[in-house]
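Scroll down for the structure; my scribbles are underneath it.
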Amino acid sequence: MTTLIAFSGSLRKDSFNTRVLRALPALAPDDVHIAFFDTTELPMYNGDLDGETVPPIVAALRAAVAEADGVIFATPEYNHSYSAATKNIVDWASRPMMAGAILGKKSMVISTTPGPGGGVHAISATSELLTLLGGTVVGTASAAKIHEKFSPNSDVIVDDEFARQLTICMSAF
Ligand SMILES: Cc1cc2nc3c(=O)[nH]c(=O)nc-3n(C[C@H](O)[C@H](O)[C@H](O)COP(=O)(O)O)c2cc1C
Numbered sequence: 403m404t405t406l407i408a409f410s411g412s413l414r415k416d417s418f419n420t421r422v423l424r425a426l427p428a429l430a431p432d433d434v435h436i437a438f439f440d441t442t443e444l445p446m447y448n449g450d451l452d453g454e455t456v457p458p459i460v461a462a463l464r465a466a467v468a469e470a471d472g473v474i475f476a477t478p479e480y481n482h483s484y485s486a487a488t489k490n491i492v493d494w495a496s497r498p499m500m501a502g503a504i505l506g507k508k509s510m511v512i513s514t515t516p517g518p519g520g521g522v523h524a525i526s527a528t529s530e531l532l533t534l535l536g537g538t539v540v541g542t543a544s545a546a547k548i549h550e551k552f553s554p555n556s557d558v559i560v561d562d563e564f565a566r567q568l569t570i571c572m573s574a575f
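Numbering (our numbering), first residue to last: 403 to 575.
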């Protein structure tokens, strides 16, 4: 079984990117398990909190990344880059220096927008960041007009092409 830890880079309750993560288990290959990690309460990176002891949520995040076979990021595109929340997850997971859990991990990057751009700049910036940390981005998935790609009042993706893209990425782990 391949276990993938999934993070949303959006903190808002009705986030499209978080909803895409919720749709993943139904689209995942049989031997892939998706575990969600809620970072709503993750503090902003602060070196003063990052000592011999760290906040419990940080310890849990680092352990979850270390134990997973790969990481999935679903990040909003903010001003042609990843959100601050996405960067904050990566920053916490990249420490201690040279021993951060995220270093060298396989990952998948998703970004979706209600607008026409599809989050391609966020995908490229996030991929560059993860590659810089020694990781391999095994797949990316983008969708524009994301609000049209769910069935009404559910987190089921009805756009076959986007759903296929997500499945292919998860298979690549
Ligand atoms: C600060 C800010 C910057 C944004 N910049 C972009 C952008 O550069 N490109 C884009 O397509 N959408 C941009 N958007 C719109 C977001 O894609 C949209 O709000 C999206 O729904 C956010 O993701 P979420 O639904 O997962 O929270 C921006 C939104 C905010 C709040």
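In this text, a Cβ means the ideal position worked out from N, Cα and C, and glycines have one as well.
Measuring alpha carbon to alpha carbon, tell me which residue in the options is nearest residue i.
i: residue 427; options: 441, 411 and 405; result: 405
i: residue 481; options: 517, 497, 542 and 543; result: 517
i: residue 492; options: 522, 527, 520 and 519; result: 527
i: residue 418; options: 548, 565 and 450; result: 548
i: residue 569; options: 432, 420, 403 and 412; result: 432
i: residue 486; options: 413, 403 and 452; result: 413
i: residue 573; options: 560, 559, 539 and 439; result: 539
i: residue 488; options: 468, 505, 442 and 452; result: 442
CA-CA distance, residue i and residue j?
i: residue 462; j: residue 415; result: 22 Å
i: residue 457; j: residue 424; result: 26 Å
i: residue 524; j: residue 514; result: 9 Å
i: residue 556; j: residue 454; result: 43 Å
i: residue 447; j: residue 484; result: 16 Å
i: residue 559; j: residue 471; result: 25 Å
i: residue 571; j: residue 510; result: 7 Å
i: residue 535; j: residue 529; result: 10 Å
i: residue 450; j: residue 564; result: 42 Å
i: residue 550; j: residue 498; result: 41 Å
Residue i and residue j: beta carbons closer than 8 Å?
i: residue 512; j: residue 434; result: no
i: residue 532; j: residue 490; result: no
Could you give the C-beta distance for residue i and residue j, rounded to a whole number, given that I count them as a contact under 8 Å?
i: residue 410; j: residue 476; result: 5 Å
i: residue 460; j: residue 494; result: 5 Å
i: residue 464; j: residue 408; result: About 16 Å separates the two Cβ atoms, so there is no contact after all.
i: residue 507; j: residue 537; result: 5 Å
i: residue 544; j: residue 521; result: 5 Å
i: residue 519; j: residue 546; result: 6 Å
List, from N- to C-terminal side, the beta strand (DSSP E) runs of 3 residues or more that fit wholly inside the region 516 to 545. 538 to 545
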